[in-house]
Every structure is written in structure tokens, then in C-alpha cells.
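Shown next, in C-alpha cells, is the structure this report addresses.
Chains as they are written, first to last, in my numbering: chain S, 118 to 517; chain Z, 118 to 517.
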């Protein structure tokens, strides 16, 4: 019995040792598998060596927290444990990430905090870390040695919301030279949990247009990037409270009655419907279709990136009732709309594929002409929307 | 002996109990002493309730970190322990802070992290949290219902540094209306560890000028806010590596040979010395005096906020050798310089008071005319520099 006992314990001991060795080897294999060609991310804070990205798209972070019990990298909805060295520096990497821009954060003993290595971006309702996995087609939004437009911060007071609002305005490189030229305007909206900074910071809208215009692939245009959140008459709360899709009930009024007149008064615009477009991503796409289809005397071009006005429904759309029957007369819409354009990433999560598909089915049923673009391999993220802007802007304000 | 022991232990127990009770009361008293009129800081992220500030200038923070062992508020070079409640939310407040803008951070189990409640600002070489203690004179930089200029982001390529550089340009509200008017230009520089975003974000330079111009206290002017870090021929490193006062050896060349020509070509400037000024804070003040005094054919007005070109020395200055004798001929300088202006906070730490005093003594010895302003009660921080800009800009580009 004693001997049995001894053997059994030894067997268990050996078994456990094997298991531990195996799992240790497994863990080591995972470590070894990461290709050691990590480079600092292109959106790091000045002089910061971490976070880094390797050729596989793995993200490596490093943070000094000698007293912490547990530190994790939280990216792509997965938390990766970091490993502490003898100096108290925690380091580790993620599995390969999809190319493009991703929000991420660190988790220190349960506290979700930004990584001080990265620049900060506004998304998911907060300023936080972001990282760029170099995309194969990154050239279209690269900073190049060619004429650059400027992005201006414009402050205006909204009587609708009784609040100060900030918007960003892109003017093309020749705007300050050709002082008699007037330009078409694209109103370009962000998504849920984002704000007016998104399209220039994460979206690189200015660089995309600089490149398109320099290559004569797009018409020089003004782009207005506003905050899509707006609620009526709540002094000092409005526009600083991104509480989700419910909090933009006054945006249509702000845009139609305040932003557009302000822009037409402040900039040399071509202030007619043929030279005014609206596009947006996700929530901004929903807003775009709602606003433009109800105001076709003001807009002739429409872009919906990863979103449509039936969101979040994936059900078949009845055009006789949907949006008060605005899509009933397809022929009339085709005459009025110069460009109706939709885009979507091939890896977007539900309900986007189903929702956009239901909308497209309705458009096709009504014989409404529209352009459709698929961003291969990207999800509900900024590389999808950069590509959408590139494609959409290259078609915009040209002859039908 | 046993009884003695018992009594002794009991005495010690009672003594310790009293001490603990006292310290507990003391701690409670400190808590109670904070006036309960805390309000969310004016520079919080959208919708965030914390950090808060009360009428005494105390800063209260609150963060949910159930697993943390220790969480602190780190502000004004003092770390304040936060207290955890039963839900794992850590809360606490600082001693009263001086009015104005302060950088701060949280410390979670030894990790210095930004507070997700506040907006982030670039200072001390990183993007981090900031808080506004309402100043008694905050009206001069308040956002008011009057015409607002715009702040534009301008990208240009520097051959000197072989790098892309971003600067921000303030144009007054009438710039886009009076298309034939030309404007004087103020080149306005940040301090050590800060960047081109500082003057608009922390400094509120645009609002200060909007207010001054609307009240006709200042001449409408263009303000150029550039990054003062520049080193020669280090591709892709320059301007993103604020490594201290040594790393701006090429800034003079960038400013004189690239920025000024680029601004004069891109904006409707009055491109002569009488209508060109330079000012800066701390490191930027040092750069300003070095550059302007050596280029009086290009600049006629000079502002040094919390800094002079003898920094960090507090020793008496010999004008026959200082800056190669540029201050030897006071009379000649008086003829050339329209406005020579210095400002300092009354609570600035060493070596600033001594260093600026030594510089002023030299100016006086040489009979060089200059304006001097003291910001009462403020340190080497942004309220000092906001006030300096307000005073300096109200004198700028006016008849001598």
C-alpha cells in the first residue's frame, strides 16, 4: 500500500511534470513563433519604442509596472497576458491582427488604461490607444511630397442645441491660392462613440484627398467633419455626450439649419445640391441616408460606409412603408441622385452584412442605381472606411 | 510580572487604539474639510463626471480598479492615496491647487497612467491628463459669442530635418472675409517637453486672440505655432523626439529658411520685420531671444514668457561677451526693436526667477527698453503663459 502509494504519487508527479513541460513548450512555441521583426507603430507618441508591430501583424506592448499583479494587452476583443521581467517591465504580444487601424488598451490589475506609448484617438466613447497594422494598400493614405490641404478647426454656436460646437474643415491645397474658385462640399460623418476628430485622425481623410487630388483622381473639394451627436436645448451637455445612437435626434436640424449655412457663409462653396454630398460611416451612414433622402433639394450625392438607414434590422424592407415611402418611386430617385454609393468590409460582424444586404435588396427591387464596394478582409474598422472614402471621393462631383 | 505584562499589553493596546482612532478622525477631518461643491472639470472627456474640482481648488478623482492594491492621484509633485469602496472604486482628492491648468496622472499599483476622465494634453514629453482650476480672471480666455478665428493644421516638408512637420496656424475671424487684407504674424513657441499643440490646447491662444480682437484690444494677426524640436538630417526622427533642450539645434534654420518662407507664401502676411514677431515660453523664450536678436532684420518684436537666453544661469551677465556681444549697443537695439517684452509668474521655481532677473539687470545696465509683467500667484505653468500672451498680444504690432 505504501509502495503503491509511492508509485502512484510518482506517476502523478511524472504525469504532471510532462503536462507542465508540454504546456510550457506550447507557450514557448507561441512566443518563438512571433517573427522578430517588430518595429514601433507609426502612430506612437514621439520617441516611444512601444507598441511595436511585426510583419505578421502581431502587436507587442511593454510597460513598466513593478508592483502590478497582472497586466494584459486588450486588443480585438481578446486579452493577452503580459510577462514580467526582473525589472518589473511587462511585455507580450497579441496574435496577428487584421491590417489597418485598431483601438486597444492595457489592463493593469483590472484597470483598463491607455498605453502611454501610442497616440490617443477618440473612439468607443473615450480617448484611448490606437495602433496601425501596415496595410498592403497603405500608399493611398500615405503622407507624400505633394501639395497638402489644411484641416481647420472651426467653432460655431448652435442655437438648436444651445451649445458651442467644433467642426473640422478640410480645404484642398489650392483653396488659398485660387481666391475666386468655389468648391463642392462633402459632409462626412463619424460613427457611434466617435467624434469630429475621427475622420482626420483615424480616417486620414485629408491625406486620402491630398493624394486623390494630386493624381487628378478626385475633384478638389471641401470636406466638413462635424460631431454627429446633438440633442435639443440641453445647454452645455450637447455634443460632449456620446451616449449612443439615441443622442443625435437634433443632428438633422443642426446640419440643415446651422452647419450648412455657416459653411456656405464662411467658405467659397458651390452652394447647390449638385455640389453638396453627404457620407458617413456606421451611425454616420444611417444619419446620411436619413438626412439626404429627406432633403434631396439640398443633396445630390450620398455615401453609406458600413451602414444603412434600416440598421440594425436585417429584415426585408417594404419600400411602401420604409422611411415613409421615400424609396417607392425608384425612377424619380434615379433622376435626382447623382451618386448613391454603399461600401462594406467583407469581415464585418452582424448585423452589418445582413442589414446592408436587406437595404441593397430593396434598392435593387426598386431599380435604384447605386455603386457598391467591398473592402476585402476588413471589419467594422477604419481601413474599411479609408478605402470607402477613397473610392467614393474618386466618383464624387463628376458628371453622372 | 505576568500582571505587569498584561497591564502593559493592555496599555499598549489602548494606546494604539487611541492613536488609530485619532489618525482615523484626522483622516476623516481632512475628508470633511473639503468643501462639497465639486464639479466636473471643464476639460473632461465628453460625459465624464470625474475628475472634479471644488471651490477650494481641490481635485477629486475616481476610478474603478477592483483588483488594485494601491491607487494614487499624482498632481503638483505630490501623490495622494485614494480610498477604495466596496465596489472597487477608488476615490480621493488633492490639497487645494493653484488656479490654472495643471498636468496630472493616476498611479495604479505603481503604473503611472492617464486618468480616462480628462482630455489629454501633450506636456512633459507625453500625452497625459490635465485639469483646469478655474482662475479668477478666466474671462480673458473664455469661449464667448463673438467672431472666432480658425486654427488650421498645416503640413510641410522640412529639407533641413528631412522630415514632415506639422504646424498650427491661427487666422483671425476676418481673414476669410477680407480677401485683400494682409496680416502681421506672431511666431509663438511652446516649452520643453511640449509640442505644436500646446498653445491652442493648453494655452487657449486662439480664444485669447478672438477675445482681444473682438474688444479691439489687439490688432488682428496670424499666429504660427510650430514644433520647436528640430535636428538636422535625421530622417523620420526629427520633430517627433522631444528629448530636451539639446534637440532643437536646427530649429533656427527650420524657422528662418523654411517656416517663415512657407507661411509668407501660403498666407496673406505682411512680410516685413515690423510685422513679424516671435514669442515663446520657457525653452521657447530662450529660442525666441536667441533667434530674434540674431535676426533683427527679420523680427522687430520679441516676447519671452518665463525664460530668457541665459537660462539656466542666474549669474550676472557680461554684455560684452553674452551672445557674442549682441547686447553691447543698447541704443542701437532700442532703435531696431519695436517691442521687447518679458513675463514671469511670481511663484515660479528656480532657476527661472534668478535667471530672468539676471537678464533684466543686464538689459537695464544697457539701457535697453523692455516691458515686464508679473503673473501673480502662478508658477511655471499655462496660466502664467496665457496671461503673458494676453498682455503681449495687446501691445503687439502697434505704433511704438
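The C-beta atom is built at its ideal place from N, Cα and C for all residues, glycine as well.
Quick caveat, the model's predicted, so the values are computed rather than measured.
Next item on the list: Indicate whether residue 425(S) and residue 368(S) have their beta-carbon atoms separated by less than 7 Å.
Entry: no
Next item on the list: Check the DSSP bridge columns for residue 284(S) and list the partner residues they point to.
Entry: 271(S)
Next item on the list: Compare the C-beta of residue 269(Z) with all C-beta atoms of chain S and state if any pair is closer than 7 Å.
Entry: yes
Check: Opposite residue 219(Z) in the DSSP bridges: which residues?
Finding: 248(Z)
Notebook entry, point to check: Quick one: what's got a C-beta closer than 6 Å to residue 440(Z)'s C-beta in the same chain, skipping five residues either side?
Noted result: none
Notebook entry, point to check: Can you tell me whether DSSP reads residue 183(S) as helix, strand or coil?
Noted result: coil
Next item on the list: Tell whether a beta-carbon distance below 7 Å holds between residue 228(Z) and residue 182(S).
Entry: yes
Notebook entry, point to check: Nearest to residue 286(S) by alpha carbon, out of 176(S), 268(S), 394(S), 165(S)?
Noted result: 268(S)
Note to self: In whole angstroms, give me the CA-to-CA distance for residue 427(Z) and residue 481(Z).
What the structure shows: 15 Å
Check: With 7 Å set as the bound, which would you pick, yes or no: does the beta-carbon of residue 264(Z) sit closer than that to a beta-carbon of chain S?
Finding: no
Notebook entry, point to check: From this set, 394(Z), 242(Z), 487(Z), 377(Z), which residue's C-alpha is nearest residue 308(Z)'s C-alpha?
Noted result: 242(Z)
Check: Taking buried to mean at least 16 other C-beta atoms within 10 Å of its own C-beta, is residue 162(Z) buried or exposed?
Finding: buried
Item checked: Whole-angstrom distance between residue 238(Z) and residue 464(Z), CA atom to CA atom -> 23 Å
Next item on the list: Tell me whether residue 362(S) sits in a helix, a strand or coil according to DSSP, three-state version.
Entry: Only weak support exists for where residue 362(S) lies, its pLDDT of 37 falling under 50; the value from the coordinates is given anyway. Three-state DSSP puts residue 362(S) in a helix.
Item checked: Limits of the alpha helix (DSSP H) - the one that residue 507(Z) falls within -> 499-512
Note to self: Let me check understanding here. Comparing Cα to Cα, which of 273(S), 495(S), 225(S) lies closest to residue 186(Z)?
What the structure shows: 225(S)
Note to self: Threshold first: 3 residues or longer. Then list the beta strand (DSSP E) segments lying entirely within the segment 439-474 of chain S, N to C.
What the structure shows: 456-462
Notebook entry, point to check: Given that a residue counts as buried once 16 or more other Cβ atoms are within 10 Å of its Cβ, and exposed if not, what is residue 152(S)?
Noted result: exposed
Checklist line | Reference residue 179(S), options 173(S), 156(S), 172(S), 256(S), closest by Cα | finding: 156(S)
Notebook entry, point to check: Ends of the beta strand (DSSP E) at residue 396(Z)?
Noted result: 393-398
Notebook entry, point to check: Shorter than 7 Å from the beta carbon of residue 318(Z) to some beta carbon of chain S?
Noted result: no
Next item on the list: Indicate whether at least one CB of chain S lies closer than 7 Å to the CB of residue 184(Z).
Entry: yes
Next item on the list: Using a threshold of 7 Å, state whether the C-beta atoms of residue 485(Z) and residue 450(Z) are closer than that.
Entry: yes
Note to self: Does the structure place the segment 165-179 of chain S close enough to the segment 230-237 of chain S that three or more beta carbon pairs sit under 8 Å?
What the structure shows: yes
Notebook entry, point to check: Between residue 207(Z) and chain S, is there a C-beta pair that is closer than 7 Å?
Noted result: no
Check: In chain order, what residues of the same chain lie with their CB nearer than 8 Å to the CB of residue 510(Z), ignoring the 5 residues before and after it?
Finding: 303, 325, 326, 329, 335, 338
Check: Taking the beta strand (DSSP E) that residue 492(Z) falls in, what are its first and last residues?
Finding: 488-492
Next item on the list: Along the alpha helix (DSSP H) that carries residue 381(S), what are the first and last residues, could you check?
Entry: 377-383
Note to self: Measuring alpha carbon to alpha carbon, tell me which residue in 393(Z), 176(Z), 217(Z) is nearest residue 457(Z).
What the structure shows: 393(Z)
Item checked: Reference residue 468(S), options 423(S), 488(S), 254(S), closest by Cα -> 423(S)
Margin query: Counting C-beta neighbours from all protein chains within 10 Å, is the total for residue 134(Z) 16 or more, i.e. buried, or is it exposed?
Written below: In this predicted model, residue 134(Z) has a pLDDT of only 43, less than 50, meaning its place in the structure is not dependable enough to derive any value.
Checklist line | Selection from 203(S), 212(S), 387(S) that minimises the alpha carbon distance to residue 197(S) | finding: 212(S)
Note to self: So, under 8 Å CB-CB, residue 447(S) and residue 496(S) are touching, yes? Tell me the CB distance rounded to an integer number of Å.
What the structure shows: Not a contact, Cβ separation roughly 31 Å.
Next item on the list: With 7 Å as the limit, tell me which residues of the segment 196-230 of chain Z have their beta carbon closer than that to any beta carbon of chain S; keep them in chain order.
Entry: 225, 226, 227, 228, 230
Margin query: At a CB distance below 7 Å, what residues from the segment 151-174 of chain Z approach chain S? Give them in sequence order.
Written below: 162, 163, 164
Checklist line | Proximity winner among 333(Z), 310(Z), 438(Z), 378(Z), relative to residue 341(Z) (alpha-carbon distances) | finding: 378(Z)
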